[in-house]
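J.:
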Amino acid sequence: MPKNEEQFKKMREDMRSKILKMSSLYFAKYGFGDTKIGDLAKYMGIGQGTIYLYFKSKEELFEAIRSRAENTEEIERLKALSKLPLPAKAKIDLISKEMAKKLKEDEEYCVKITILTQLLLEKKEAPYGNDLYKELAKIIRQGQKEGSVVKGDALYLADLYWGTVYLYALKRLFLEKFKMVTWETLSRLLEV
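Per the numbering used here, the very first residue in the sequence shown carries number 941; after that it's consecutive.
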């Protein structure tokens, strides 16, 4: 039992954080439609009522997860990178190094990528309207002009790149033994 208000508040924050983190992984694995609060509670080793103390519904819980997964910082970094006076190959290498490092070391990033991709797929349309795709496509077009990036539809190539990132995020989350993609391999997806 907490001895004071501050300890009680910390316990509540810790439980909410645990619910969000473990639910994110569960939703990443099973998707929104196939997730039931009862199954989620069993997975976390807590009572269903505990989840409802923090979130009124599965939809509210998922919305909190979705909000945490937004990639606005990443989009802003890509926008800034695309404006730098660097060759496209150098930009793609920088992006690939960051992606490979995050995929290898950051489980929460892998959950974020998985949730965001599921949200894009639920729209049942090509994800090409997504800013992450558009920004990478700008860099790809620059590389095509410079002759360092393979010819083809830039948005399709961005889809190939982010699809590979998504695949390895899934592998990182759900497989114990696999060979992690390297930054060189990610970069080679777009090279001539």
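The C-beta atom is built at its ideal place from N, Cα and C for all residues, glycine as well.
Could you give the residue range of the alpha helix (DSSP H) that holds residue 1010?
T.: Per DSSP, residue 1010 belongs to no alpha helix (DSSP H) and is neither H nor E.
J.: Between residue 964 and residue 1051, is the Cβ-Cβ spacing less than 7 Å?
T.: Yes; because the gap between Cβ atoms is below 7 Å, this pair is in contact.
J.: In this structure, does DSSP put residue 1105 in helix, strand or coil?
T.: Helix.
J.: DSSP on residue 1047, reduced to helix/strand/coil?
T.: Correct three-state label for residue 1047: helix.
J.: Taking all protein chains shown into account, do 16 or more other C-beta atoms lie within 10 angstroms of the C-beta of residue 1089, making it buried, or fewer, making it exposed?
T.: Residue 1089 is buried by the Cβ-count criterion.
J.: Please list the terminal residues of the continuous alpha helix (DSSP H) segment that includes residue 957.
T.: Per DSSP, residue 957 belongs to the alpha helix (DSSP H) from 945 to 970.
J.: Thinking just about the alpha-carbon of each residue, which of 1091, 998, 1131, 1123 is nearest to the one in residue 1037?
T.: Considering only alpha carbons, the answer is 1123.
J.: Have a look at residue 1014 and residue 991 and give me their C-alpha separation to the nearest angstrom.
T.: Cα-Cα distance, rounded: 30 Å.
J.: Three Cβ pairs or more, each shorter than 8 Å: is that satisfied between the region 1067 to 1086 and the region 982 to 990?
T.: Because the criterion of three Cβ pairs below 8 Å is not met, the region 1067 to 1086 and the region 982 to 990 do not touch.
J.: Taking only the alpha-carbon atoms, compute the straight-line gap between residue 946 and residue 952 and give it to the nearest angstrom.
T.: Distance between the alpha carbons of residue 946 and residue 952: 10 Å.
J.: Just the Cα atoms here: how many angstroms apart are residue 1126 and residue 1094?
T.: The straight-line gap from Cα to Cα measures roughly 15 Å.
J.: Starting from residue 1120 and walking both ways along the alpha helix (DSSP H), at which residues does that stretch end?
T.: Where residue 1120 is concerned, there is no enclosing alpha helix (DSSP H), given that its DSSP letter is neither H nor E.
J.: Assuming residue 1043 and residue 1108 form a contact by the criterion Cβ under 8 Å, report the distance between their Cβ atoms to the nearest whole angstrom.
T.: With 8 Å as the limit, residue 1043 and residue 1108 qualify as a contact, their Cβ atoms being about 5 Å apart.
J.: Take residue 978 as the anchor and find which of 969, 994, 960, 998 has the nearest alpha-carbon.
T.: Closest option to residue 978, Cα to Cα, is 998.
J.: For residue 1031, which residues in the same chain have their Cβ closer than 6 Å to its Cβ, ignoring the five residues on either side in sequence?
T.: 1021, 1079, listed in sequence order.
J.: Look at the Cβ atom of residue 972, then the Cβ atom of residue 1002, and state whether they are nearer than 7 Å.
T.: Cβ atoms of residue 972 and residue 1002: closer than 7 Å.
J.: On the criterion of 16 or more Cβ atoms from any shown chain inside 10 Å, does residue 1012 qualify as buried, or is it exposed?
T.: Its Cβ having fewer than 16 others within 10 Å, residue 1012 is exposed.
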